[in-house]
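First the structure, in the form of structure tokens, and then the observations on it.
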Amino acid sequence: MKLKRLVTLFGAIVLIFVAGLLYVSRNLSLLPDRGGSIREELNNNNWIHYRDKSSKDDKVVNEKILEERHDIKSPIPLGSTDMIYDASCPIQLDYIPYTQIQMLDVYKDLKFDNPDGGVWKQGWKIEVDEKMWNKEHKLKVFVIPHSHNDPGWVKTFDEYYNAQTRNILNNMVEQLSEDPRRKFIWAEISFFATWWNELDQDGKETVKR
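Here the sequence shown stands for residues 1 to 209, where the numbers follow UniProt numbering.
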């Protein structure tokens with residue numbers, strides 16, 4: 001009798017356990033698979049937090065500017081004429097500058113025909129009267145090399161710098177050091193800054209001289 005009760009009790013426990021497993025597994029199968037998106041959700045939450053903080057910081061800065069802008073004195077003495085006001089720089093967050101040229105409209109008017117300008121192909125016509133110059137009145141010509149390294153033209157910034165720009169600047173230092181009369185004009189500051197950061201202290205002192 002006791003054996004039958006134990007068997008019955010054990011069977012009931014096993015049945016309840018199996019039913020519980022089936023119930024839990026069924027509920028888990030209905031849940032969406034979020035394992036792959038946990039990192040993405042964390043990144044999104046971090047971005048939202050950063051965006052909110054940035055917005056709050058911007059608001060604080062703007063409010064501070066609005067509070068202090070009235071205390072800033074203009075270096076130009078204000079008078080009663082409108083011209084003085086136009087020459088000043090108004091501190092207004094909502095200030096919209098007046099422009100007379102819209103580049104999108106300019107593109108519509110440009111012909112892009114690239115006419116031949118003569119001696120200076122893309123410039124204006126140059127005319128020189130040869131009789132103006134003689135042995136007593138010589139024409140003085142100053143030749144100053146000028147850089148023309150457009151960042152991002154045809155090549156990437158790094159490709160252009162590694163293939164050409166670094167060599168040009170290194171050669172510039174060598175050539176200018178040989179003759180103090182030589183001059184060189186460099187325009188592309190982004191390339192120059194990259195090159196400057198690569199120099200040691202002795203190299204920088206040489207460039208300064």
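Ideal Cβ placement from N, Cα and C applies to all residues, glycine included.
Which two residues bound the contiguous alpha helix (DSSP H) that contains residue 117? Here residue 117 refers to the residue found at position 117 of the sequence shown. Segment: none, residue 117 is in no alpha helix (DSSP H) and carries neither H nor E.
Residue 232 to residue 8, Cα distance in whole Å? The structure shown does not extend to residue 232, since the chain is modelled only from 1 to 209, so the question has no answer here.
Can you tell me whether residue 142 is buried or exposed, with buried defined as 16 or more other CB within 10 angstroms of its CB? Working through the sequence shown from its first residue, we reach residue 142 at position 142. Flag for residue 142 reads exposed.
Can you check which of these residues, 205, 109, 171, 145, is closest to residue 187 by C-alpha distance? Here the question's residue 187 lines up with position 187 in the sequence shown. It is 145.
So which of 209, 111, 113, 128 has the shortest CA-CA distance to residue 119? Counting from one through the sequence shown, the residue named residue 119 turns up at place 119. With distances taken between Cα atoms, residue 119 lies closest to 128.
Determine the burial state of residue 195: buried for a count of at least 16 other Cβ atoms within 10 Å of its Cβ, exposed for fewer. The residue given as residue 195 occupies position 195 in the sequence shown. Buried, since its Cβ has 16 or more Cβ neighbours within 10 Å.
Taking residue 125 as the reference, which of 208, 132, 198, 116 has the closest Cα? As a first step, residue 125 must be located in the sequence shown, where it is residue number 125. Residue 125 has its Cα closest to that of 116, out of 208, 132, 198, 116.
Pull up the CB-CB distance for residue 147 and residue 185, whole angstroms please, since I reckon it's below 8 Å. Here the question's residue 147 lines up with position 147 in the sequence shown. Here the question's residue 185 lines up with position 185 in the sequence shown. Residue 147 to residue 185, Cβ: 7 Å. Contact.
Nearest-angstrom Cα separation, counted from residue 164 out to residue 105: Taking the first residue of the sequence shown as 1, we reach residue 105 at position 105. Taking the first residue of the sequence shown as 1, we reach residue 164 at position 164. Approximately 36 Å between the Cα atoms of the pair.
Looking at the structure shown, is residue 193 part of a helix, part of a strand, or coil, going by DSSP? Along the sequence shown, read from residue 1 onward, the residue named residue 193 stands at position 193. Three-state DSSP puts residue 193 in a helix.
Pick helix, strand or coil for residue 16, following the three-state DSSP scheme. Residue numbering aside, residue 16 sits at position 16 when the sequence shown is read from its first letter. Of the three classes helix, strand and coil, the one that applies to residue 16 here is helix, per DSSP.
Determine the DSSP secondary structure at residue 101, reduced to helix, strand or coil. Mapped onto the sequence shown, residue 101 falls at position 101. DSSP places residue 101 in coil when its eight states are reduced to three.
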